[in-house]
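A.B. asks:
Number of protein chains: 2
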Amino acid sequence: MTVHVDFEPVGRRGQCPTGSTLLNCARELGVDLVNLCGGGGTCGRCVVQIMEGEVSTPTSSEGKFLSSEQLAAGYRLACQTVPLGNCKVRVPPESLTTPQRTQVEGEELPVAVEPPVQTYLVTLDPPSLDDLRADAGRLLEALAQQYGVMVSILDLAVLRELPLRLRGEGWQVRVAVRDEEVVALLPSAVRPLGLAVDLGTTKIAAYLVDLETGRTLAVKGVMNPQIAYGEDVIARLAFAGESPAQAARLQELVVETLNQTAIEMCAEARVAPAHIVEAVVVGNTAMHHLFVGLPVDQLAKAPYVPAVASALDVKARDLGLHFAPGATVHLLPNIAGYVGADHVAMLLATGVTQAEGLVLAIDIGTNTEVCLVNHGTLTSLSCASGPAFEGAHIKHGMRAANGAIERLRLVDDRVEYQTIGGAPPVGLCGSGILDTLAQLYQAGIVDSRGRMGEHPRVRDVQGVREFVLVAEDEWGDGRPAITFTQKDVRELQLAKGAMRTGINVLLEVNGVTSDEINQVIIAGAFGTYIDVASAVAIGMLPRLPLDRFRQVGNAAGMGAKLALISKTKRREAQAIASRVRYIELATAPQFATTFAQAMYLG
Amino acid sequence: MTVHVDFEPVGRRGQCPTGSTLLNCARELGVDLVNLCGGGGTCGRCVVQIMEGEVSTPTSSEGKFLSSEQLAAGYRLACQTVPLGNCKVRVPPESLTTPQRTQVEGEELPVAVEPPVQTYLVTLDPPSLDDLRADAGRLLEALAQQYGVMVSILDLAVLRELPLRLRGEGWQVRVAVRDEEVVALLPSAVRPLGLAVDLGTTKIAAYLVDLETGRTLAVKGVMNPQIAYGEDVIARLAFAGESPAQAARLQELVVETLNQTAIEMCAEARVAPAHIVEAVVVGNTAMHHLFVGLPVDQLAKAPYVPAVASALDVKARDLGLHFAPGATVHLLPNIAGYVGADHVAMLLATGVTQAEGLVLAIDIGTNTEVCLVNHGTLTSLSCASGPAFEGAHIKHGMRAANGAIERLRLVDDRVEYQTIGGAPPVGLCGSGILDTLAQLYQAGIVDSRGRMGEHPRVRDVQGVREFVLVAEDEWGDGRPAITFTQKDVRELQLAKGAMRTGINVLLEVNGVTSDEINQVIIAGAFGTYIDVASAVAIGMLPRLPLDRFRQVGNAAGMGAKLALISKTKRREAQAIASRVRYIELATAPQFATTFAQAMYLG
């Protein structure tokens, strides 16, 4: 039994199983609703408006997040609402996860091209009654004779296509060799391709590379489609942990997206996905495990250990990727359950591990990984900064989509702001949230303990103070107000406190102080867009001269690319992973006192 | 649209697509009809009798094989006949491929057990906040510490089950290591299993082995299910060559049978297929290629080259086998397009390659492979002896099923015979055919040129002489006569001529004569059952004292088992394959004259 559900204005409609929540219907139909809690009714983000049709009665969860006026107007949480028949549903822009600004560019280190896969143009004598050698032996002997390359193994998929390829290409093929194995047969005029991927919790950045020259042929940023099943790592691990089928679904979603992204990038560069012979994928440990199809239960429970930490080589086909039949996916090493290969890639790309003096490298995200490089020794940890900077748990927070306020200044009592795409304001994205708190703090409206004081723009709503950024009547189009609440301040104090605690514990463990830091490297999409001065103002980052900060963009993606084109960089990544001293922040003795301290603003 | 087809007396019935031939209907319903030509209407073996229902009118092919009386009685060729509605079809026993006597036992060489997979019982410390090592690293470090075994790779499937296995087994597991890779995790009390398989064109022999002791736990012989798609290699390659889907179907059929056989043998031995960590499979080059999923076009056309000749290691899961998730299938090397890994296995098992003097080793089948060991040098060739000895192209020939005459003597003018299962006679299987020709020749009824002379039991049917072995009225049950025709003699002359030509060319190439042969080793199912004296009498085998012949049974299967339990034997197999000098018989200069000579009987 099914019901017909119509999601507008996105225009997706179709039959969905009777009894499914609207969130599941949306997933079925490919509508990416925001949801941070994985459908548990606890984040209140998947707001939709019922336009036509009967649905189930509101749950107590919905009562918490929606006013009686909103419920009367048909506003509901998609995860709590089940259609009782055909219905039409409006999805407000802030409930849609896309479009999302994605950061793919980053600073690139120059590196000698030394790819793990080499190709050789080999010409063979066709078999005859006087020369009955098998195709495989014939190929390997020609490779040895013509290039002195001794290889003994052909990948099974290569072997399966060998007879047709040799005959189809007139006994001349470009043989791709990796270690001691033939991993692909390419047409003679084709150059081997590589793909570097930064597999983020929220977004995926991919780089298509000419493996011979190291040149980037195409770059693409797309959303991680797993978002529909929980926006942060915890929600996603919980979803995957419910059943192997759900874990497999998450794996397939990413693989489908990578396949599609490869097709699009190859089309742009006028090359073929079948000529991708090597890929490097980095991500946090959870993304890594979900992508490889490794169990995540032990990752989701204390003491949070990975199934595997060392670098992995996996056949692309074993993951479902449609590259060259024998292509390999190399996964850089993880360090711990919450410090993954993306951290290693970031350290690799920024070159900080060879830095002199004291350097702090921070990759800000839902989890923020921090590494302190202290005259050559590396100490890393992860702090659960939470998704507040991605707009979660913030009353008018949202992700970096159109209409999000990304910059904000208080000028006297006026609020000046800039939105993404110049659209009318919908809410606050991470950099806007950071600016708001910094401005309120600097104007004395919020004190160092985080208490919001009196101000003409501060009002009280049901006992909670809030600062009005955009008033109800400001746009004259019935648009609701955008405010910043006392509760929002507390959320941000937790987030910035976690981040600063991480930094401080690293400094303490190393017996150094923040003013000794020579450089702070800030990586990641959020880190790229923030106003560093705001971050310093609220005390999220140490108070240092601004010229000591360097915002490097997607360093993890750049690290993946380096490891793709350079065997030396790949070895270096393994060396970095084993050099890093990992600290479990929650169990560090300094944690409690430091965290209490770090909650203060300024 | 479908029609209902009922095959009796086997009792298989069901719906089949309208327009399908009865042969295809039989395949659909799992009724294994004999057919040598793959459904082309040229072998005349798939005779059935229409009992009820309308079918298509007879084709010209059917006119060639069936008399008008037979057609009138409803006899038809299944491959030429299409049901026009529901029908009931009788399958005569001689048209059924099963039951078939299968030969699985063979002489076994004693060998030191030295398997390629070793297991180690490893006990791990569980992770804690003070010991956050990943599961994989924890396992490998314990293996190194407790056994000094340095391994760096875990098979992907093993990695995927590692976290649950470690926790489920209380941090104690039996780790199976192959080369430098962990290929399986077994419960601590479990012994690793191996499977040796002789994958014949007609039958499959499988041996379940305790890999630690080398002891055989179960043995099973089953029919190769590909038979439904052509009984000889040529028909099967033709079927596979028609489309990748058909090739894949043949591959799946064998894999399904191996999976099922493994389940049955494991049940018998009270062990589990999931504990099979290694398999060795041997077969002729065509069976090898079809099993591995390699293209066969180049194998079916001159100059008949294999895709690969050297030994192969393939993950069992990549072939669809349900063994331990990381189990390996090792395929012994092929020598040429028509001398495959089964020949290598036979040479390995019989130990002839180390024999002194002059030894001839023959594996008799549809293709007969012969090796002459001449004071340590090995020369091999394949002769297309054809399926005559399996009953094909012989008027009353049949496979070795119930009712087949397997032994026959002329005593004065009486015919004395013995049938398989003691059942009333249905036809002649290979050993019976051989006996018949030998008896007719020795009685002077057939001369050395193969001409059938006068005799009270010789009659003329439509211009063709035939010797009546069993008369029409002999059993008083309307059973048709069983005869041996002039044409049958010619078929056998071709078969024995091909075999003897192979032997003679080997002798000539080596500059030796047949009386110098110290020993003749006869391997294979047919070779086990034949009366060597008959084979010598007609000149199929050289005239030597009978004590120089040794019938060794399924030597290929024994060779597979040796390679399964001994790395030394595996290396020896590779060495044998490279030592063999291969001769393409059809292009040997002696071929034409030798063949003309070898056609003579006696």
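Residue numbers (my numbering), protein chains in the order written: chain W, 984 to 1585; chain B, 984 to 1585. Beta carbons: idealized from backbone N, C-alpha and C, even for Gly.
Using the beta-carbon count (16 or more within 10 Å), is B:Ser1135 buried or exposed?
C.D. replies: Label assigned to B:Ser1135: exposed.
A.B. asks: Anyone know if the C-beta pair for W:Leu1012 and W:Gly1024 falls short of 7 Å?
C.D. replies: Not in contact: W:Leu1012 and W:Gly1024 (Cβ atoms no closer than 7 Å).
A.B. asks: Mind listing which residues of the stretch 1267 to 1294 of chain W have their C-beta closer than 8 Å to chain B's C-betas, in chain order?
C.D. replies: The stretch 1267 to 1294 of chain W vs chain B, Cβ under 8 Å: Val1275, Gly1276, Leu1277, Pro1278, Asp1280, Gln1281, Ala1285, Pro1286, Tyr1287, Val1288, Pro1289, Ala1290, Val1291, Ala1292 and Ser1293.
A.B. asks: Let me check understanding here. Comparing Cα to Cα, which of W:Ala1056, W:Val1072, W:Glu1052 and W:Thr1040 lies closest to W:Val1014?
C.D. replies: The shortest C-alpha separation from W:Val1014 is found at W:Val1072.
A.B. asks: Buried or exposed for W:Asn1537, please, with buried defined as at least 16 other CB atoms from any protein chain shown within 10 angstroms of its CB.
C.D. replies: That one is buried.
A.B. asks: Under a CB-based cut-off of 7 Å, is W:Gly1303 close to chain B?
C.D. replies: For W:Gly1303, the answer is no, since every Cβ of chain B falls outside 7 Å of its Cβ.
A.B. asks: Residues of chain B with CB under 8 Å from W:Gly1120, in chain order?
C.D. replies: What W:Gly1120 touches in chain B: Val1291, Ala1292 and Ser1293.
A.B. asks: If you run the structure through DSSP and keep just helix, strand and coil, what is W:Leu1524?
C.D. replies: If DSSP states are grouped into helix, strand and coil, W:Leu1524 belongs with coil.
A.B. asks: Name, going along the chain, the residues of the stretch 1544 to 1577 of chain B whose beta-carbon falls closer than 8 Å to a beta-carbon of chain W.
C.D. replies: Per Cβ criterion, the list reads Tyr1565, Glu1567 and Thr1570.
A.B. asks: Find out if the Cβ-Cβ distance for the pair B:Leu1200, B:Leu1191 is shorter than 7 Å.
C.D. replies: Yes, the Cβ-Cβ distance between B:Leu1200 and B:Leu1191 is below 7 Å.
A.B. asks: Starting from W:Arg1432 and walking both ways along the beta strand (DSSP E), at which residues does that stretch end?
C.D. replies: Careful: W:Arg1432 lies outside any beta strand (DSSP E) and carries neither H nor E.
A.B. asks: Suppose only complete runs of 3+ residues qualify. What are the beta strand (DSSP E) ranges in the stretch 1030 to 1112 of chain B, listed by chain order?
C.D. replies: DSSP runs (the beta strand (DSSP E)) wholly in the stretch 1030 to 1112 of chain B: 1030 to 1035, 1058 to 1060, 1070 to 1073 and 1100 to 1106.
A.B. asks: Along chain B, which residues have their Cβ under 7 Å away from the Cβ of W:Val1297?
C.D. replies: Those are Leu1139, listed as they occur along chain B.
A.B. asks: Output the distance between the C-alpha atoms of B:Leu1277 and B:Leu1079, rounded to the nearest integer angstrom.
C.D. replies: When rounded, the distance between both Cα atoms is 30 Å.
A.B. asks: List in chain order: all unbroken alpha helix (DSSP H) runs of 4+ residues lying wholly within the stretch 1455 to 1537 of chain W.
C.D. replies: Counting only runs of 4 or more, we get 1469 to 1492, 1508 to 1512 and 1515 to 1520.
A.B. asks: Flag B:Pro1109 as yes if its beta-carbon sits less than 7 Å from any beta-carbon of chain W, otherwise no.
C.D. replies: Answer no: the Cβ-Cβ gap between B:Pro1109 and chain W never drops below 7 Å.
A.B. asks: Provide the residue span of the beta strand (DSSP E) that contains W:Asp1443, from first to last.
C.D. replies: Unbroken beta strand (DSSP E) run through W:Asp1443: Val1441 to Val1444.
A.B. asks: Roughly how far, in whole angstroms, is the beta-carbon of B:Gly1469 from the beta-carbon of B:Glu1449, given that I think they are within contact range, below 8 Å?
C.D. replies: The amino acid at residue 1469 of chain B is misidentified as Gly; the sequence shows Gln. Contact flag correct, Cβ pair sits at about 7 Å.
A.B. asks: From this set, B:Pro1439, B:Gly1433 and B:Leu1584, which residue's C-alpha is nearest B:Thr1484's C-alpha?
C.D. replies: Residue B:Leu1584 is the option with its Cα nearest to B:Thr1484.
A.B. asks: For W:Ser1111, count neighbouring Cβ atoms within 10 angstroms of its own Cβ and tell me buried if that reaches 16, exposed if not.
C.D. replies: W:Ser1111 should be labelled exposed.
A.B. asks: Relative to the C-alpha of W:Gly1433, which residue among W:Gly1459, W:Asp1471 and W:Ile1403 is closest?
C.D. replies: Answer by Cα proximity: W:Asp1471.
A.B. asks: Under 8 Å by Cβ, that's how I've got B:Gln1129 and B:Val1100 pegged, so tell me the actual separation to the nearest angstrom.
C.D. replies: 18 Å between Cβ atoms; not a contact.
A.B. asks: Name the one or two DSSP bridge partners that W:Asp1346 has.
C.D. replies: DSSP lists W:Glu1352 and W:Ala1506 as partners of W:Asp1346.
A.B. asks: I'd like to know if the stretch 1272 to 1286 of chain W and the stretch 1242 to 1249 of chain W are in contact, where contact means that at least 3 CB-CB pairs between them fall below 8 Å.
C.D. replies: As far as the Cβ criterion goes, the stretch 1272 to 1286 of chain W does not touch the stretch 1242 to 1249 of chain W, which means the pair count is below three.
A.B. asks: Please state if the CB of B:Asp1418 and the CB of B:Arg1440 are separated by a distance shorter than 7 Å.
C.D. replies: No, the Cβ-Cβ distance between B:Arg1440 and B:Asp1418 is not below 7 Å.
A.B. asks: May I ask you to list the residues that DSSP assigns as paired with B:Ala1571?
C.D. replies: According to DSSP, which records beta bridges pairwise, B:Ala1571 is partnered with nothing at all.
A.B. asks: Counting only C-beta atoms, is B:Pro1528 closer than 7 Å to chain W at any point?
C.D. replies: Output row for B:Pro1528: interface = no.
A.B. asks: With W:Gly1323 as the anchor, note down where its alpha helix (DSSP H) starts and where it stops.
C.D. replies: Element bounds for W:Gly1323: n/a, residue is neither H nor E.
A.B. asks: Just curious, the beta strand (DSSP E) that B:Met1206 is in, first and last residue?
C.D. replies: Start and end: Thr1199 to Met1206.
A.B. asks: Skipping 5 residues on each side, what residues in its chain have a beta carbon closer than 6 Å to that of B:Ile1347?
C.D. replies: These residues qualify, in order along the chain: Gly1507, Phe1509 and Gly1510.
A.B. asks: Beta strand (DSSP E) containing B:Ala1285: first to last residue?
C.D. replies: That residue, B:Ala1285, is in no beta strand (DSSP E); it is neither H nor E in DSSP.
A.B. asks: Mapping the DSSP letters down to three states, classify W:Thr1360 as helix, strand or coil.
C.D. replies: Residue state, collapsed to three classes: strand.
A.B. asks: Apart from the five residues just before and just after B:Met1293, which ones in its own chain have a Cβ nearer than 6 Å to its Cβ?
C.D. replies: Here the sequence assigns Ser to residue 1293 of chain B, which means Met is not the residue at that position. Closer than 6 Å at Cβ, skipping near neighbours: Pro1316.
A.B. asks: Assuming W:Leu1169 contacts W:Pro1175 under a Cβ cut-off of 8 Å, what Cβ separation, rounded to an integer in Å, is found between them?
C.D. replies: Confirmed, Cβ separation roughly 6 Å.
A.B. asks: What are the residues that DSSP puts in a beta bridge with B:Arg996?
C.D. replies: B:Arg996 pairs with B:Asp989.
A.B. asks: Could you tell me how far apart the beta carbons of B:Val1173 and B:Gly1309 are, in whole angstroms, since I believe they sit closer than 8 Å?
C.D. replies: The pair is not a contact, with the Cβ atoms about 15 Å apart (cut-off 8 Å).
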